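Residue numbers for the sequence shown follow my numbering, so the first one is 144 and each next one is one higher.
Reading through the structure tokens given below for one structure.
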Amino acid sequence: MNKTINILVVDDEKAIRDGCHRVLTGKGYAVVTAENGKIALDILLKEAIDIILLDLKMPVMGGEEILGIVRKTYPDIPVIIITGHGTVDTAVVCMKSGAYDFITKPFQIDQFLLTITRAAEKRRLEQKAIQLKEENMRNLYDLNLEKSRLKAIINRMANGVMVTNRNLEVVLHNPALMRLMEMSTEIENPAPISRITDERSLIDTLKQILTGEFPEEESISQEIEAGKRTLRAISAPALGPDKNIAGTVTVLEDITAYKQLDQMKSDFVNMVAHELRSPLVSIRQINSVLIEGLAGPLAEKQQEFVKRGMNKIDSLLELINDLLDVARIEAGKMVQHRVPTDMGRIIEETVALMGPRAQEQGIHLTHSCEGLKPVLADPKNMEEVINNLVSNAVNYSPEGGLVMIIARGLAEYMEIKVEDTGVGISPEELPKIFDKFYRVKHPKTRQVMGTGLGLAIVKGVVEAHHGTIDVESVVDRGTTFRVLLPMIV
């Protein structure tokens, strides 16, 4: 909504003052009048005036003198000279001195109003420009303040921060980044990303982000090498005001110590597992000799104790084998020998092996295979995957339950489902079941023995063969594991 324009009419003739007042107020302007220059200057001190109509010939103080004062003190106010025919030359001189326009007496109403309208529009535009300038200055101040705060926060972060524009030029970085990248020479922004890093995988990831290949709400985590350091780089798109991708933001964290600790842990597990395995195998062999009576006959009670000992040894050997499998998976050495593998045959052999045990527990075990082609895999690894999934399904199913293995070809992939009608898994536990040493907590499964490593091994093996595994479950109704593996086509 436009602000009302205030007009000051300065003229010693009352008829002119009253006529201007009547015409201008009728057009929506606010009008104040003054009969001489001194009164006009007093009004200017007290009121906000937008336009001045100024007569040249007046007692006390003439129009030319007032114009000089107004141009110095109120340079933004348009001054329109009111002149008679005899003083037109003087009015022209006043315009050269800064007057906006002049009108001659007697007034022609249309011309008079047109001149006022132009002056009012000029005044409005100037006021709008001043307002925009003030807002811009405030915005610049706020922006600089926010930028200073952001810079202070980023510069104090322990993690490295790198922001690039769409041209992959670094436009913002912090001292931690320079330290992590082992750079001693400061760089000026913007700078090509090659000045910071030549890590191809990171640069390719940033290019993919800029092309919009990844969802805007997702970040990408990867490990990169920087000298002797191992860094975790988490990258995400930076959005502009129009919500389009304007660049990338990457946070880098030094994980060298964690990698070293992880390697130490793996080395320790390997060492302990190997050191334990040999004596346990020896003890089992000795117990086996005793059971078979090769060292002399044993009483029934003695045989029972030796058998219990062998069962415990078997459990420990199983744990050691699982630990070694996990260590191999983490080292990327789980898959030793890939050959075309018949998964249908592995499923049939697993069902034949697990059938008697399932029958003892009153569980119906079935399988079906349709449209299968070989997969390029390590057969022993695949046997372990199927055996683990079927064994879990049998263990966690009640008497009278049903376990089904369904394998079928889906274009380039093989889908293997292991379904059971067991105790199920609660929603809060589902995200954890592939974690190492995690076991589902359920009153009906306390008697089931296990290391909590089986599903972690299954997931590691499947992913090492470029496959995926997921799970769906309903408490007290059953669980379905779904494995996808690429087939040879």
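Even for Gly, the Cβ is constructed at its ideal location relative to N, Cα and C.
These numbers come from a predicted model, not from an experiment.
Which residues does DSSP pair with residue i in a beta bridge?
{"i": "Pro629", "result": "Tyr556"}
{"i": "Cys237", "result": "Partner(s): none; Cys237 has no beta bridge."}
{"i": "Ser327", "result": "Answer by DSSP bridge pairing: none, since Ser327 is not bridged."}
{"i": "Ala634", "result": "Absent from the structure is residue 634, since the part of the chain shown begins at 144 and ends at 632."}
{"i": "Met547", "result": "Thr509 and Glu562"}
{"i": "Gly211", "result": "DSSP lists no partner for Gly211."}
{"i": "His316", "result": "Met305"}
{"i": "Asp185", "result": "According to DSSP, which records beta bridges pairwise, Asp185 is partnered with nothing at all."}
{"i": "Ser616", "result": "Thr622"}
{"i": "Pro483", "result": "Leu519"}
{"i": "Ala173", "result": "Asn149"}
{"i": "Asp198", "result": "Ile225"}
{"i": "Ile388", "result": "Leu382"}
{"i": "Glu396", "result": "Arg375"}
{"i": "Thr611", "result": "Leu627"}
Write down the C-beta distance between residue i and residue j rounded to the nearest angstrom, noting that I regard them as a contact closer than 8 angstroms.
{"i": "Ile330", "j": "Leu345", "result": "The pair is not a contact, with the Cβ atoms about 17 angstroms apart (cut-off 8 angstroms)."}
{"i": "Asp465", "j": "Leu598", "result": "Asp465 to Leu598, Cβ: 11 angstroms. No contact."}
{"i": "Ile212", "j": "Leu167", "result": "Between Leu167 and Ile212 the Cβ distance is about 23 angstroms, and since that is not below 8 angstroms, they are no contact."}
{"i": "Val556", "j": "Pro629", "result": "One point to set straight first is that residue 556 is Tyr, not Val, in the sequence displayed. Correct: roughly 6 angstroms between the Cβ atoms."}
{"i": "Leu323", "j": "Arg372", "result": "6 angstroms"}
{"i": "Thr258", "j": "Thr226", "result": "Their Cβ separation, rounded to whole angstroms, is 12 angstroms, which puts Thr258 and Thr226 out of contact at 8 angstroms."}
{"i": "Leu187", "j": "Ile224", "result": "Rounded, the Cβ-Cβ distance is 17 angstroms, inconsistent with contact."}
{"i": "Pro380", "j": "Ile352", "result": "5 angstroms"}
{"i": "Arg266", "j": "Ile148", "result": "6 angstroms"}
{"i": "Ile568", "j": "Thr622", "result": "6 angstroms"}
Could you pull the start and end residues of the beta strand (DSSP E) that residue i belongs to?
{"i": "Gly303", "result": "Gly303 to Asn308"}
{"i": "Gln365", "result": "Ile363 to Ala369"}
{"i": "Leu246", "result": "It is worth fixing the name first, because residue 246 is Ile in this sequence and not Leu. That run of the beta strand (DSSP E) goes Asp244 to Thr247."}
{"i": "Ser421", "result": "Segment Thr399 to Ile434 is the alpha helix (DSSP H) holding Ser421; no beta strand (DSSP E) there."}
{"i": "Arg372", "result": "Arg372 to Leu382"}
{"i": "Ala599", "result": "That residue, Ala599, is in no beta strand (DSSP E); its alpha helix (DSSP H) goes Gly597 to Ala607."}
{"i": "Val494", "result": "From DSSP, Val494 is part of no beta strand (DSSP E) but of the alpha helix (DSSP H) over Met486 to Glu503."}
{"i": "Glu572", "result": "Premise fails: Glu572 is in no beta strand (DSSP E) and is neither H nor E."}
{"i": "Asn149", "result": "Asn149 to Val153"}
{"i": "Ile225", "result": "Val222 to Thr226"}
Tell me where the alpha helix (DSSP H) around residue i begins and ends.
{"i": "Arg338", "result": "Where Arg338 is concerned, there is no enclosing alpha helix (DSSP H), given that its DSSP letter is neither H nor E."}
{"i": "Ala191", "result": "No alpha helix (DSSP H) holds Ala191; DSSP gives it neither H nor E."}
Applying the 10 Å Cβ sphere with the 16-neighbour rule, what's the burial state of residue i?
{"i": "Glu208", "result": "exposed"}
{"i": "Phe624", "result": "buried"}
{"i": "Glu527", "result": "buried"}
{"i": "Leu151", "result": "buried"}
{"i": "Met407", "result": "exposed"}
{"i": "His609", "result": "exposed"}
{"i": "Asn317", "result": "buried"}
{"i": "Val203", "result": "exposed"}
{"i": "Asp161", "result": "exposed"}
{"i": "Val566", "result": "buried"}
{"i": "Met525", "result": "buried"}
{"i": "Arg299", "result": "exposed"}
{"i": "Leu197", "result": "buried"}
{"i": "Asp619", "result": "exposed"}
{"i": "Asn531", "result": "buried"}
{"i": "Thr509", "result": "exposed"}
{"i": "Leu268", "result": "exposed"}
{"i": "Tyr539", "result": "buried"}
{"i": "Asp154", "result": "buried"}
{"i": "Leu433", "result": "buried"}
From residue i to residue j, what distance separates their C-alpha atoms?
{"i": "Ala97", "j": "Pro384", "result": "No information on residue 97 is available, as it lies outside the stretch 144 to 632 that the chain covers here."}
{"i": "Lys350", "j": "Ser378", "result": "11 angstroms"}
{"i": "Ala255", "j": "Ala263", "result": "One point to set straight first is that residue 255 is Phe, not Ala, in the sequence displayed. Rounded to the nearest angstrom, the two C-alpha atoms are 12 angstroms apart."}
{"i": "Phe580", "j": "Ile600", "result": "11 angstroms"}
{"i": "Val394", "j": "Ala334", "result": "18 angstroms"}
{"i": "Gly180", "j": "Ile159", "result": "15 angstroms"}
{"i": "Leu315", "j": "Ile489", "result": "56 angstroms"}
{"i": "Gly169", "j": "Thr260", "result": "13 angstroms"}
{"i": "Gly543", "j": "Leu573", "result": "25 angstroms"}
{"i": "Ile297", "j": "Asn308", "result": "17 angstroms"}
{"i": "Leu437", "j": "Glu418", "result": "28 angstroms"}
{"i": "Asp232", "j": "Glu156", "result": "21 angstroms"}
{"i": "Gln428", "j": "Val533", "result": "29 angstroms"}
{"i": "Leu545", "j": "Lys455", "result": "30 angstroms"}
{"i": "Val412", "j": "Leu462", "result": "11 angstroms"}
{"i": "Pro522", "j": "Gly552", "result": "18 angstroms"}
{"i": "Val494", "j": "His507", "result": "11 angstroms"}
{"i": "Ile559", "j": "Phe357", "result": "29 angstroms"}
{"i": "Val614", "j": "Thr348", "result": "30 angstroms"}
{"i": "Thr564", "j": "Gln502", "result": "15 angstroms"}
{"i": "Ile195", "j": "Arg292", "result": "47 angstroms"}
{"i": "Ala242", "j": "Leu288", "result": "42 angstroms"}
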